[in-house]
Every structure is written in structure tokens, then in C-alpha cells.
């Protein structure tokens, strides 16, 4: 009884709004040092954009568009966070010591670069991985459960 | 000149508070529709409009508290509202939110 429906409006708005969502999530990720935002809410916004694309295009199409397994994002993010913590040992500092410096860039001028952004990147990837794993595990549950186990 | 600035500050504050009161009344009426609504699409539309009113309240509170830190929150409410409304609409129409194969 699957009725063939036309999702033209939803797909057109999705292809526009997903770009805005990904840009906003990147803004939140980089603004987290001095403004509201950070890795957690940036990762949630990225996951929201991906979930919106999943709602508009379905599982099989999205498996072709984003062919990676979101489960691997969790150990990758945790590893990045751990490596940024261990990296402070190279300079004889305690665990998770962070530092920052000012650099001169051609286009943006004087910029403050902190190593805390690397830790934030770990948080970002972990949040994306966990959110997408939860949602896709629930969504793949409805029929033919054994066919696409990886 | 000083008294004029004070006058405009007071006027902005009073207008903002009046708008907050009006939007609160609108929220109460919308809550009535969300609870009492005869069908589920009525409740979905009421929740969507409640979210828009929440965006308005966040903007008015940003004016009242004289801060720019709430601008991200307003955008965030709008985005989450859109995604939530799309999910509710897909569930009400098709029964599943993320389908296996659309084409």
C-alpha cells in the first residue's frame, strides 16, 4: 500500500537548507572559543543537516551520497581528543595542557589559533558519530534486518 | 539630549514588554489548540507556531537584556523547528520518517 508521492518541494528546500545548516554548524564550531557554540552544538547541527537529507532522500540514496560508516566517527573523535591531551607531554607539560599563539595570515590578518580547537574537533566528530549511529540504527530496523550488516 | 535618550530607552523597554505580553497570550491560545486540537495535524501546526512564537520571545528577550549572544539561539530554534516539523509531517503522512528506498 506504498503510495507513490511527490517530494519535489521537500527535496528542493532540503538541497538549499542543508547548505545553510552545514555552514551554520561550521560557524558554531569555530565560534565556540569566544561566543556561544563549540564542538557539541556544531556536531549536533551537522547531524541535523544529515538527518534532514536522510528524511528527504531515503536510506538507499544517502548510502550512495555519504558512503562512510558513521560508527567509525566515534573512535576517530575520541582518538583526536586523546592525542591532543597526550601531545602536551612532548613539551613537558601536564596532561591536556593547551596553548595558543597569534599568527599573521594574508587574508584575515592577525588570528588567534588555539590547540583547544583540535580537542573540539574530537568532540565534534564524536557527537556526529553517536547521533547518526543512534538515528540510523533505529531507522534501519523496520525490514530485512540481515541484508546490510557491515 | 540626555532626556531624549532616556525617553527612547524607556519607550523601547515598554514596547518590548507589551510585545512579550501579547506573544504570551498567543502562546496560551496555541497551547489550547495543541492540547484540545481534534486531529493530529492540528496539533502539529500548533506546535510549529509555538516554535515561531518562541523565536519571537528569544528575540524580544535579546532586546530586553541588550545582548547579541541570543542571535544564534534564535537561528537554532528555527532550524530545529523546521526539522521537527518535517519529521512530524512525514510521520503523519507515511508512517515512517526515514524510508528505506524512495525511488
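Residue numbers (this note's numbering), protein chains in the order written: chain A, 2 to 151; chain B, 120 to 222.
The beta carbon of each residue, even a glycine, is placed where N, CA and C say it ideally should be.
Keep in mind the model is a prediction, meaning the values are calculated, not measured.
Burial of residue 22 of chain A is indicated by the presence of at least 16 other C-beta atoms within 10 angstroms of its C-beta.
The closest CA to that of residue 82 of chain A, considering only A/75, A/120, A/106, A/108, is found on A/120.
Residues are counted here when their Cβ sits less than 8 Å from a Cβ of chain A; for the segment 199-220 of chain B these are 199, 201, 202, 205, 206, 209, 212, 213, 215, 216, 217, 218, 219, 220, given in chain order.
Our two residues, residue 8 of chain A and residue 149 of chain B, have alpha carbons roughly 29 Å apart in a direct line. Contact annotation: in the segment 156-184 of chain B, no residue has its CB less than 8 Å from a CB in chain A. Inclusion of residue 96 of chain A and residue 110 of chain A in the CB contact set at 8 Å is not warranted, their separation being larger than that value. In the three-state scheme derived from DSSP, where H, G and I count as helix and E and B as strand, residue 38 of chain A is classed as coil. Shown here, residue 114 of chain A sits in a strand according to DSSP, grouped into three states. The bridge partners DSSP lists for residue 103 of chain A are A/113. Rounded to whole angstroms, the gap between the alpha carbons of residue 140 of chain A and residue 180 of chain B is 38 Å.
Any Cβ of chain B closer than 8 Å to the Cβ of residue 124 of chain A would place that residue at the interface, and such an atom is absent. In this structure, residue 139 of chain B keeps its C-beta atom at 8 Å or more from the C-beta atom of residue 25 of chain A.
Around residue 184 of chain B, the same chain offers no residue with a beta carbon nearer than 8 Å, after the five sequence neighbours per side are excluded. Per the coordinates, the alpha-carbon of residue 164 of chain B lies some 25 Å from the alpha-carbon of residue 20 of chain A. By the neighbour-count criterion, in which 16 or more other beta carbons inside 10 Å mark a residue as buried, residue 205 of chain B falls on the buried side. Taking 8 Å as the CB threshold, residue 22 of chain A lines the interface with chain B. Three or more pairs of CB atoms, one per stretch, sit closer than 8 Å, so the segment 66-84 of chain A contacts the segment 127-139 of chain A. Flagged as an interface residue toward chain A: residue 191 of chain B, by a C-beta distance shorter than 8 Å. Proximity of chain B to residue 37 of chain A at the Cβ level (cut-off 7 Å) is accounted for by 188, 191, in chain order.
For residue 128 of chain A, the secondary structure class from DSSP, reduced to helix, strand or coil, is helix.
Taking C-alpha positions only, residue 127 of chain A is separated from residue 44 of chain A by approximately 8 Å.
Residue 127 of chain B has its alpha-carbon roughly 54 Å from the corresponding atom of residue 63 of chain A. Around residue 29 of chain A, the beta-carbon contacts reaching into chain B at under 8 Å are 191. Among the residues of chain B, those whose CB is under 9 Å from the CB of residue 25 of chain A are 191, 194, 195, 198, following chain order.
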